[in-house]
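Chemist: Right, I'll just put the structure down here and ask away after.
Numbering (the numbering used here), first residue to last: 2 to 89.
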């Protein structure tokens with residue numbers, strides 16, 4: 002599956018969060034340095050492909066699906082977009 006750079010950045014940011022943690026569009030904008038419109042476009046495309054999930058509450062919290070996490074961990078080119086955990 003081919004990804005745009007924006008999709009890779011958003012999916013990497015989501016895969017870098019815990020399974021239960023969700024991120025808002027605003028948080029994704031901060032983590033990826035992308036505009037809200039670009040983040041939303043990437044999220045909707047990846048949701049269509051089963052890679053992300055959004056809650057039905059407001060504000061919507063987005064997470065990587067199990068399939069999305071699997072793709073990120075199995076493709077070295079995508080791993081560069083997963084934020085490294087900061088050391089305490």
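Note that beta-carbon positions come from the ideal geometry of N, C-alpha and C, so glycine has one too.
Return the Cβ separation of residue 24 and residue 63 in integer angstroms, given the expectation that the two are a contact with Cβ distance under 8 Å.
Modeler: Distance from residue 24 to residue 63 at the Cβ level is roughly 6 Å; contact confirmed, criterion being Cβ atoms closer than 8 Å.
Chemist: The alpha helix (DSSP H) spanning residue 33 covers which residue range?
Modeler: 26 to 33 is the extent of the alpha helix (DSSP H) around residue 33.
Chemist: Leaving aside the five residues before and after residue 43 along the sequence, list all residues of the same chain whose C-beta is less than 6 Å from its C-beta, in chain order.
Modeler: 7, 8 and 11
Chemist: If you scan the stretch 52 to 84 from start to end, which runs of the alpha helix (DSSP H) of 4 or more residues do you find wholly inside it?
Modeler: Listed in chain order, the alpha helix (DSSP H) elements of length 4 or more contained wholly in the stretch 52 to 84 are 67 to 75 and 77 to 80.
Chemist: Roughly how many angstroms lie between the CA atoms of residue 15 and residue 58, to the nearest whole one?
Modeler: About 18 Å.
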